[in-house]
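Worksheet: one structure, shown below.
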Amino acid sequence: KEYVIVESIEVLEKFPKYKENVKLAIIYLTDKRREFNWTNDFTQEYSPFYAALALRILLKDKHRLIKEHKIAERYQIDDKCISYLLDTEIEILLNTQNKDGSFGPEPLMRIPRYDIIDISEVEDWNINVPHGNSVYTDNNRFFTTATVYSTLLRFLES
């Protein structure tokens, strides 16, 4: 879900008529960090993948997005804290890096049974089971690592 939200923000923020949708999406991502520490729903552990997605949006134009959507006011932080908080989140993300330079693995890709129409109704997900409602782990770590590196590049450019 977070992957779709981030991709949607990047597209919709270009259109003024979707400003409120973008605001709600950014609030969702920042609330997720505040309340759930960007955990993977299946492992209940910190997720470099989900953290990188949320940070990617906030780093895109951190001060404009945070001010425009009143995130600083919502969390009672001043402008100086914004950079510090993002630096801290990047440091946390970097501390999850594997010795070979990759990030992950973690279960990410949900594939429901053929007869499921609304994925939110599925409660019985199976990790790495080739039938039924399955969640597959990014075993080669390519997807997670590429997502994190994309975010780190944005951080260096910001």
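Sequential numbering of the sequence shown, starting at 160, is according to the numbering used here.
Backbone N, C-alpha and C fix where the C-beta goes; we use that ideal spot for every residue, glycine too.
Taking 6 Å as the limit between beta carbons, can you name the residues of its chain near E194, skipping five residues before and five after? Position 35 of the sequence shown, counted from the start, is the residue given in the question as residue 194. The predicted model places E194 with a pLDDT of 48, which falls under 50 and marks its position as unreliable; any figure quoted below should be read in that light. Cβ neighbours of E194 beyond the five flanking positions: none.
Coarse secondary structure for N180, derived from DSSP in three states: The residue you call residue 180 lines up with position 21 of the sequence shown. Residue state, collapsed to three classes: helix.
Could you check if P175 is buried or exposed, using at least 16 other CB atoms within 10 Å of its CB as the buried criterion? For the purposes of this step, residue 175 is taken as residue 16 along the sequence shown, with counting starting at 1. Under this definition P175 is an exposed residue.
Burial state of G260 (16 or more Cβ within 10 Å): Locating residue 260 in the sequence shown gives position 101, counting from the first residue. So G260 counts as exposed.
Can you tell me which of the three DSSP states R313 falls into? Against the sequence shown, residue 313 aligns to sequence position 154. R313: helix per DSSP, three-state reduction.
For chain D, is any of its Cβ atoms less than 7 Å away from the one on N254? This model lacks chain D altogether; it includes just one protein chain.
What are the start and end residues of the beta strand (DSSP E) that includes V294? In the sequence shown, residue 294 corresponds to position 135, counting from 1. S293 to T296 is the span of the beta strand (DSSP E), which, as asked, contains V294.
For the region 277-289 and the region 304-314, state whether three or more C-beta atom pairs, one from each stretch, are separated by less than 8 Å. No contact exists between the region 277-289 and the region 304-314.
Grab the span of the beta strand (DSSP E) containing P289 for me, first residue to last. Within the sequence shown, the letter at position 130 stands for residue 289. In the DSSP annotation of this structure, P289 is not part of any beta strand (DSSP E), being labelled neither H nor E.
Going by C-alpha distance, which of T202, I249, E204 and A213 is nearest I168? The sequence position of residue 168 within the sequence shown is 9, counting from 1. With distances taken between Cα atoms, I168 lies closest to A213.
Put I249 into one of helix, strand or coil per three-state DSSP. Position 90 of the sequence shown, counted from the start, is the residue given in the question as residue 249. Note: I249 maps to helix in three-state DSSP.
With 16 as the cutoff for other CB atoms within 10 Å, does E166 come out buried or exposed? The residue given as residue 166 occupies position 7 in the sequence shown. E166 is exposed by the Cβ-count criterion.
Do you know how far the Cα of E316 is from the Cα of R300? Here residue 300 refers to the residue found at position 141 of the sequence shown. Here residue 316 refers to the residue found at position 157 of the sequence shown. Going from the Cα of R300 to the Cα of E316 covers about 24 Å.
Given a cut-off of 7 Å on the beta-carbon distance, is the pair G291 and R269 in contact? To locate residue 291, count along the sequence shown from 1; it is residue 132. To locate residue 269, count along the sequence shown from 1; it is residue 110. Inclusion of G291 and R269 in the CB contact set at 7 Å is not warranted, their separation being larger than that value.
Considering Cα atoms alone, identify which of L171, N285 and D246 is closest to T202. Within the sequence shown, numbered from 1, the residue matching residue 202 stands at position 43. Minimum Cα distance to T202 is reached at N285.
With distance defined between alpha-carbon atoms, name the residue in R313, F208, T247 and D200 nearest to V324. Beyond the ends of the chain as shown, which are 160 and 317, falls residue 324; an answer cannot be given.
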